[in-house]
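Here is the structure we will look at, set down as structure tokens.
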Amino acid sequence: MTQDTAADFDWVGAQAQCTARSMFERLRTRVREDVQKRNGLFSRGDRWKFEFYEAEDKEFEVERHVRSSGTSTTVAGVVTFVREGSRILVQGEDVDVDFVAVVTLDATGACRFVVGEAMYSDWEIRRMALELLFFEESGDAE
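For reference, each letter of the sequence shown is one residue, going 98 to 239 in my numbering.
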């Protein structure tokens, strides 16, 4: 949005479209794509695999599986995304991730996530949620 169009900006219409539901669905789609991209990387001697699971309409999760011997795998971390009303909760199991995001319009009229007092775009929220799961060694993964 430019300075010239700021006076005519339809903030009511933009706010009506900037909902936790729409941003949660955007996260769901892009996290699924992130899992596919991460699985396409060859690292850790191909011992890690990531699975995307849709638990229900308001919840999905990503699991890190580690091949322990032969074809058997163990789950070495989980990040869960849950929409509860206007909030999106992101929590890890065996991964140090725990935050709550809400959505709002920023000064440019873009729909953004807010965690604490900071605003983030969707890729930043996905990185905050998945970076440790995707790239951090844990005691189980060694």
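Every residue, glycine too, gets a C-beta built ideally from N, C-alpha and C. Remember, predicted model here, so these are calculated numbers, not experimental data.
- Counting along the chain, Thr177 sits inside no alpha helix (DSSP H); it lies in the beta strand (DSSP E) bounded by residues 169-181.
- Counted as a single uninterrupted DSSP element, the stretch harbouring Gly213 is not any alpha helix (DSSP H), since DSSP gives it neither H nor E.
- Excluding its 5 nearest sequence neighbours in each direction, Gln188 has C-beta neighbours in its own chain below 6 Å: Thr177, Asp195, listed in chain order.
- The shortest CA-to-CA distance from Arg118 to any of Val179, Glu221, Ser218 is the one to Val179.
- For the pair Ala198 and Leu186, the Cα-to-Cα distance works out to about 6 Å.
- Within the model, the alpha-carbon separation for Val128 versus Val109 is close to 29 Å.
- In this structure, Val163 sits away from Ala152, with a CB-CB distance that is not shorter than 8 Å.
- In the DSSP assignment, Thr201 falls within the unbroken beta strand (DSSP E) covering 195-202.
- In the DSSP secondary-structure assignment, Arg184 is bridged to Glu181.
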